Amino acid sequence: MSPTQQQAPLQGYLRQDGRKGIRNVVLVAYLVECAHHVSRKIVQHFDDLDVHLIGFPGCFPNDYASDMMKALCTHPNVGGVLLVSLGCESMDRDELREQIADSGRPVDLLVIQENGGTASTVARGIQSVGAMRDQMAQQTPVPMAMSELVVGTICGGSDGTSGITANPAVGRCFDHLVEDGAACMFEETGELIGCENIMAERAVTPELGQQIQDCVAKAERYYRTMGFGSFAPGNADGGLTTLEEKSMGAYSKSGASPISGLIKPGDTPPTGGLYLLDVVPDGEPRFGFPNIADNAEIVEMIASGCHLTLFTTGRGSVVGSAISPVIKVCANPETYEKLSGDMDINAGRILGGEASLDEVGEEIYRRVLAVASGERSLSEELGHQEFILTYKSFEPIGPACLPVRQV
Amino acid sequence: MNDKATANKALILLHPSDNVLVATRSLSAGTTVTLGERSLVLPEPLAVGHKMARWDMTTGEKIVKYGAPIGSLLAPVAAGAWVHMHNMTSDYLASHTRRREGRAATSSASSTPTTASQESPS
């Protein structure tokens with residue numbers, strides 16, 4: 021590598037806020053379920069790996085949903101946005117359009133009730149997205165440093181192999197990325213129940229450690245009210261017996277770096293380091309389960325700036341995501357045999373003694389660099405662009421959560 | 027890590043203080059495994075990722091995996107026994123699976139082994 025490549029080994033699309041994207045995606049975003057079909061027709065017309073569909077289904081107002089839509093529409097991987105409104109929903113479409121325009125991105129807004137209905141709105145949407153793509157094609161990528169990269173991790177369809185192979189291997193990769201100056205985040209505090217004390221010891225300040233313990237206690241309270249922990253039947257089929265067992269396995273994704281901060285969906289890491297994303301709502305449980313499925317959490321990590329997500333799976337999840345590519349790390353060698361076309365990395369080799377944790381960790385690291393440099397991950401290539409955004413409520417984080425900001 | 031090298035590395039000890047081992051591949055009932063000096067025959071199938079008792083244990087004993095407690099035994103187990111939902115429970119959220127709730131009327135001890143062996147044939 022030349023010195024320039026060492027400093028900036030990646031290539032990214034520079035945005036007005038200084039962040040850089042590893043993709044240049046056009047988003048078509050419906051602002052209520054009633055505008056979903058029209059939006060989907062527009063996206064389907066292009067059949068393009070870089071034209072994505074996102075949206076919020078609810079008609080009632082929700083601050084979290086508005087903030088998330090803003091964060092997602094101004095994500096560094098996004099180059100332009102078409103908003104599709106029915107017309108009578110409560111999402112503030114004009115404010116959202118303004119926020120996107122202020123971020124320097126091309127943006128259009130189509131209101132179905134004012135555009136002659138379904139067919140003509142689809143036609144206009146296709147025109148609009150086409151024009152945006154032409155405009156975005158003029159953009160050229162610029163060098164991007166590792167310190168400008170944000171990577172998230174999630175586990176889905178965990179089993180008894182996850183905590184032995186894929187999760188600790190992602191932990192090794194995270195250690196390497198943090199060493200390079202990148203920001204890494206792990207999440208799902210409901211799946212860290214039982215790990216709160218060892219996790220608090222890794223916090224960069226005792227006050228942050230206390231915040232981490234409080235946030236896991238909040239998750240436990242919340243799930244207790246729901247009547248279920250974050251534990252699916254497939255987890256048990258795969259050999260996991262208890263939530264704390266699943267937690268210990270999930271926790272190993274975080275690696276061994278100190279924990280620099282505790283953030284909530286939409287907060288972006290202020291600098292490199294390892295961050296815990298608190299995805300469990302604040303206050304009394306109001307809108308049901310914290311996260312109805314894995315993609316709800318992936319979307320929250322993306323709203324917090326993740327350029328890509330490392331997804332470990334034992335049972336064999338196949339999902340990808342809108343906006344940011346997903347890299348699959350398969351923990352279970354038997355699952356890998358069945359689903360190899362969906363799995364970027366076979367961490368199950370560790371079980372047979374064919375590879376060490378360090379070797380697989382390094383393989384994941386190299387895959388991160390390749391995907392961040394433009395190579396497609398398998399789920400991305402297959403067209404997976406899952407997206408979930410539901411109702412939630414959060415209080416802002418306190419000063420103890422981000423000690424790095426005070427330095 | 028004496029236990030690690032047994033039964034063609036079919037079982038792994040994750041932490042020296044653990045009292046369970048994890049199957050690295052699916053083992054059928056009748057497989058002979060070696061635990062340190064002892065060798066014993068698996069009384070039931072053990073699917074990949076599932077846990078096996080490292081020694082005899084009594085009701086209420088904490089199960090230790092990754093060097094951390096992951097729950098408590100609901101019944102005594104013998105060395106070599108499968109340790110799962112039929113004989114252990116969480117110390118945090120006890121009723122945490124839809125499976126257990128949904129099948130409360132039937133015996134999870136008899137239904138779960140069949141599922142595990144069907145879903146992960148060795």
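In the order they appear, the protein sequences are chains B and Y.
Heads up: the first sequence at position 379 corresponds to 399 in our numbering, and the numbers run straight through without jumps.
Heads up: the second sequence at position 37 corresponds to 63 in our numbering, and the numbers run straight through without jumps.
Cβ atoms here follow ideal geometry from the backbone N, Cα and C, with glycine treated the same way.
Quantities reported herein were computed from a predicted structural model and do not represent experimental measurements.
For residue i, which of helix, strand or coil comes out of DSSP?
i: Thr-355 of chain B; result: helix
i: Ser-250 of chain B; result: coil
i: Ala-276 of chain B; result: coil
i: Ala-220 of chain B; result: helix
i: Glu-132 of chain B; result: According to the sequence displayed, residue 132 of chain B carries Ile and not Glu. Residue state, collapsed to three classes: helix.
i: Ser-324 of chain B; result: coil
i: Ser-178 of chain B; result: coil
i: Ser-430 of chain B; result: Past the edges of chain B, shown from 21 to 427, lies residue 430 of chain B, and the structure says nothing about it.
i: Asn-28 of chain Y; result: Only weak support exists for where Asn-28 of chain Y lies, its pLDDT of 38 falling under 50; the value from the coordinates is given anyway. Helix.
i: Tyr-411 of chain B; result: coil
i: Leu-330 of chain B; result: strand
i: Tyr-92 of chain Y; result: coil
i: Pro-163 of chain B; result: strand
i: Ser-376 of chain B; result: coil
i: Met-88 of chain B; result: helix
i: Ala-55 of chain Y; result: coil
i: Leu-422 of chain B; result: coil
i: Thr-123 of chain Y; result: Low local confidence applies: a pLDDT of 48 at Thr-123 of chain Y is under 50, so the model's placement there is unreliable, with the coordinate-based value given in what follows. If DSSP states are grouped into helix, strand and coil, Thr-123 of chain Y belongs with coil.
i: Gly-300 of chain B; result: Looking at the sequence itself, residue 300 of chain B is Val, so the reference to Gly does not match. Three-state DSSP puts Val-300 of chain B in coil, outside helix and strand.
Taking the alpha helix (DSSP H) that residue i belongs to, which residues open and close that run?
i: Pro-119 of chain B; result: Before going further, note that residue 119 of chain B is Gln rather than Pro in the sequence given. Its alpha helix (DSSP H) spans residues 113–122.
i: Met-156 of chain B; result: 138–156
i: Cys-193 of chain B; result: 186–199
i: Leu-263 of chain B; result: 263–271
Starting from residue i, follow its DSSP beta bridges and name the residues at the other end.
i: Glu-45 of chain B; result: It should be noted that the sequence gives Val, not Glu, for residue 45 of chain B. In DSSP, Val-45 of chain B forms a bridge with B:Val-98.
i: Tyr-33 of chain B; result: B:Gly-41
i: His-72 of chain B; result: B:Leu-47
i: Gly-281 of chain B; result: B:Tyr-295
i: Ala-49 of chain Y; result: Y:Leu-37
Closer than 8 Å, CB to CB, is residue i near chain Y or not?
i: Gly-275 of chain B; result: no
i: Ile-428 of chain B; result: The first residue shown for chain B is 21 and the last is 427, placing residue 428 of chain B beyond what the model contains.
i: Asp-200 of chain B; result: no
i: Met-268 of chain B; result: yes
i: Ala-256 of chain B; result: yes
i: Val-427 of chain B; result: Legend: pLDDT at Val-427 of chain B = 46, less than 50; position of this residue unreliable, value from coordinates given subsequently. No, Val-427 of chain B lies away from the interface with chain Y (no Cβ there is under 8 Å from its Cβ).
i: Thr-262 of chain B; result: yes
i: Arg-244 of chain B; result: yes
i: Glu-265 of chain B; result: yes
i: Glu-320 of chain B; result: no
i: Gly-334 of chain B; result: yes
i: Gly-229 of chain B; result: no
Go to residue i, then tell me how far its beta strand (DSSP E) extends in each direction, as first and last residue.
i: Tyr-295 of chain B; result: 293–297
i: His-57 of chain B; result: No beta strand (DSSP E) contains His-57 of chain B, which is instead part of the alpha helix (DSSP H) from 56–66.
i: His-76 of chain Y; result: Segment: none, His-76 of chain Y is in no beta strand (DSSP E) and carries neither H nor E.
i: Ser-65 of chain Y; result: 64–67
i: Cys-204 of chain B; result: 203–206
i: Lys-348 of chain B; result: 346–350
Does residue i have its Cβ less than 8 Å from a Cβ in chain B?
i: Met-83 of chain Y; result: no
i: Leu-39 of chain Y; result: no
i: Ser-43 of chain Y; result: no
i: Met-111 of chain Y; result: yes
i: Ala-107 of chain Y; result: no
i: Met-114 of chain Y; result: yes
i: Ala-73 of chain Y; result: yes
Quick one: is the Cβ of residue i within less than 7 Å of any heavy atom of the ligand PLP?
i: Lys-90 of chain B; result: Looking for the ligand PLP in the displayed structure turns up nothing, as the structure carries no ligands at all.
_Contact set between the region 87–105 of chain Y and chain B, restricted to residues whose Cβ is under 7 Å from the partner_ = Lys-91, Tyr-92, Ala-94, Ile-96 and Gly-97
_Contact list for the region 373–385 of chain B against chain Y, Cβ threshold 8 Å_ = Gly-373
_To be precise: take each residue of the region 353–373 of chain B, compare its Cβ to all Cβ atoms of chain Y, and keep it if any distance is under 8 Å. Which residues remain?_
Pro-353, Glu-354, Leu-371, Gly-372 and Gly-373
*Got a sec: which bits of the region 47–68 of chain Y sit with their beta carbon under 8 Å from any beta carbon on chain B, in order along the chain?*
Val-48, Ala-49, Thr-50, Arg-51 and Ser-52
*Residues in the region 162–185 of chain B with C-beta within 9 Å of chain Y's C-beta atoms, listed in sequence order?*
Asp-179, Gly-180, Thr-181, Ser-182, Gly-183 and Ile-184
*the region 87–116 of chain B: which residues have C-beta closer than 7 Å to a C-beta of chain Y, in chain order?*
none
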